[in-house]
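Here numbering that gives the first Met the number 0 is used: position 94 in the sequence shown is 93, and no number is missing along the way. Positions of the beta carbon are idealized from the N, C-alpha and C atoms, including for glycine. Because the structure is a prediction, the values reported are computed rather than measured.
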Amino acid sequence: MTDAAAPTGREFRIGPIFSRSWSIYAANFLIFTLVAIIAALPNQLGGDFESSAGAIRSGIVFIVSVILYFVGQAVILYGAFQAMRGRNVIIGDAVGRAFSRFLSLLGISILVFLGVAVGMMLLVIPGIMLALRWAVAVPACVVENKGPLDSMRRSAELTKGHRWKIFGMWVLLVILAIVIVIIASVLAGLGVVAAPQGFGRLLIAGVISLILTSIVTAYSYVLNAMIYHDLRVAKEGVGTEEIAAVFD
Numbered sequence: 000m001t002d003a004a005a006p007t008g009r010e011f012r013i014g015p016i017f018s019r020s021w022s023i024y025a026a027n028f029l030i031f032t033l034v035a036i037i038a039a040l041p042n043q044l045g046g047d048f049e050s051s052a053g054a055i056r057s058g059i060v061f062i063v064s065v066i067l068y069f070v071g072q073a074v075i076l077y078g079a080f081q082a083m084r085g086r087n088v089i090i091g092d093a094v095g096r097a098f099s100r101f102l103s104l105l106g107i108s109i110l111v112f113l114g115v116a117v118g119m120m121l122l123v124i125p126g127i128m129l130a131l132r133w134a135v136a137v138p139a140c141v142v143e144n145k146g147p148l149d150s151m152r153r154s155a156e157l158t159k160g161h162r163w164k165i166f167g168m169w170v171l172l173v174i175l176a177i178v179i180v181i182i183a184s185v186l187a188g189l190g191v192v193a194a195p196q197g198f199g200r201l202l203i204a205g206v207i208s209l210i211l212t213s214i215v216t217a218y219s220y221v222l223n224a225m226i227y228h229d230l231r232v233a234k235e236g237v238g239t240e241e242i243a244a245v246f247d
């Protein structure tokens, strides 16, 4: 168990958010990483676009991956809040909570993806701004039982005035991801050298890449939960128990 809650009224600061997020993730490393691995598995099944069947399969895999991204985030969000309260993380309860909000999460995944995608096509900057605006839509949905549009509006309200700090955290996370990719490439290369020819080499490289990528993904989910938590603490003066009372 890890009690990583912030005191009520605490200032929204990058350093403490990162450190407390890591404390929670490290204490639940296997559970959270496994969730991220499961959410990432469809990406390993993608086809190609050289045939109609491959294009269709790639499209289906992409859609499933986007949905699982948000569902996985909801599962880890619930677990992170239980950890913040000093309680054991029970994965069955976390999955149940996530799927109880499935339709709303599905709506958020579609609306946020479409909005950010259109924004990215408009010279990138609008897409980043929208992504920051809706950064905590999933926590708002899961914790506050809000629908897709209300969750996105709630996220816009909470992130207002703190979006540059959230952007800074995203940049640091991207740097971490790049370091992980480099490490994965080195380890995969070593594994490939040691493995027999053919399928074995590809399997080792794929497994190493999947695990290390899932570590970054799982940590980013915990970080997002902590961002939402600290935004509410800073803006509304509420405590962890008050925020998470909905889970009881």
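Best match in the options for proximity to residue i [C-alpha to C-alpha]
{"i": "VAL111", "options": "ALA130, SER18, ALA243, ALA82", "result": "ALA130"}
{"i": "LEU157", "options": "ILE174, PRO138, GLY146", "result": "PRO138"}
{"i": "ALA82", "options": "PRO125, VAL180, VAL221, PHE69", "result": "VAL221"}
{"i": "GLN109", "options": "MET151, ILE177, ILE203, ARG96", "result": "The sequence as given places Ile at residue 109; Gln does not occur at that position. That would be MET151, whose Cα lies nearest to the Cα of ILE109."}
{"i": "PHE61", "options": "ALA38, PHE80, ALA73, ALA79", "result": "ALA38"}
{"i": "CYS140", "options": "LYS164, VAL123, LEU175, TYR77", "result": "TYR77"}
{"i": "SER20", "options": "ASP229, ALA244, ILE127", "result": "ASP229"}
Enclosing alpha helix (DSSP H) for residue i [first to last residue]
{"i": "ILE37", "result": "28-39"}
{"i": "PHE98", "result": "90-99"}
{"i": "VAL141", "result": "136-143"}
{"i": "VAL148", "result": "Val is not the amino acid found at residue 148; the sequence shown has Leu there. LEU148 -> alpha helix (DSSP H) spans 147-158."}
{"i": "LEU129", "result": "124-132"}
{"i": "ALA243", "result": "239-243"}
Pairwise C-alpha distance: residue j and residue i
{"i": "PHE98", "j": "VAL117", "result": "28 Å"}
{"i": "ARG231", "j": "ILE210", "result": "32 Å"}
{"i": "ASN27", "j": "TYR68", "result": "19 Å"}
{"i": "ASN144", "j": "VAL88", "result": "20 Å"}
{"i": "GLN72", "j": "PHE80", "result": "12 Å"}
{"i": "TRP133", "j": "ARG162", "result": "10 Å"}
{"i": "ALA176", "j": "GLU235", "result": "32 Å"}
{"i": "MET120", "j": "SER213", "result": "28 Å"}
{"i": "LEU202", "j": "VAL185", "result": "15 Å"}
{"i": "ILE165", "j": "GLY58", "result": "31 Å"}
{"i": "TRP123", "j": "VAL170", "result": "Per the sequence shown, the amino acid found at residue 123 is Val instead of Trp. If I take the Cα positions, the gap works out to 15 Å."}
{"i": "ILE127", "j": "ILE174", "result": "17 Å"}
{"i": "ALA244", "j": "VAL142", "result": "9 Å"}
Beta-carbon proximity of residue i to residue j, cut-off 9 Å
{"i": "SER219", "j": "LEU172", "result": "yes"}
{"i": "VAL215", "j": "ILE181", "result": "no"}
{"i": "PHE246", "j": "ARG96", "result": "yes"}
{"i": "LEU102", "j": "ILE66", "result": "no"}
Close beta carbons around residue i, own chain, < 8 Å, minus the five adjacent residues each side
{"i": "MET168", "result": "ILE13, ILE16, PHE17, LEU222, ILE226"}
{"i": "ILE75", "result": "PHE31, VAL34, ALA35, ALA93, ALA217, TYR220, VAL221, ALA224"}
{"i": "VAL70", "result": "ALA38, ALA97, PHE98, PHE101, LEU104"}
Sequence-distant residues of the same chain with beta carbon closer than 7 Å to residue i, five excluded per side
{"i": "SER64", "result": "PRO41, ASN42"}
{"i": "GLU240", "result": "ARG84"}
{"i": "ALA136", "result": "ILE107, VAL111, SER150, MET151, SER154"}
Close Cβ partners of residue i (< 6 Å) along its chain, the five nearest in sequence each way excluded
{"i": "ARG114", "result": "The sequence as given places Gly at residue 114; Arg does not occur at that position. Around GLY114: LEU129."}
{"i": "ILE90", "result": "ILE30"}
{"i": "GLY106", "result": "PRO147"}
{"i": "ILE242", "result": "ARG231"}
{"i": "PRO125", "result": "GLY118"}
{"i": "ALA183", "result": "ILE207, SER208, LEU211"}
{"i": "LYS159", "result": "none"}
{"i": "ALA25", "result": "none"}
Residue i beta carbon near the ligand COA (any heavy atom closer than 8 Å)
{"i": "LEU171", "result": "Because no ligand of any kind appears in the structure shown, any question about the ligand COA cannot be addressed here."}
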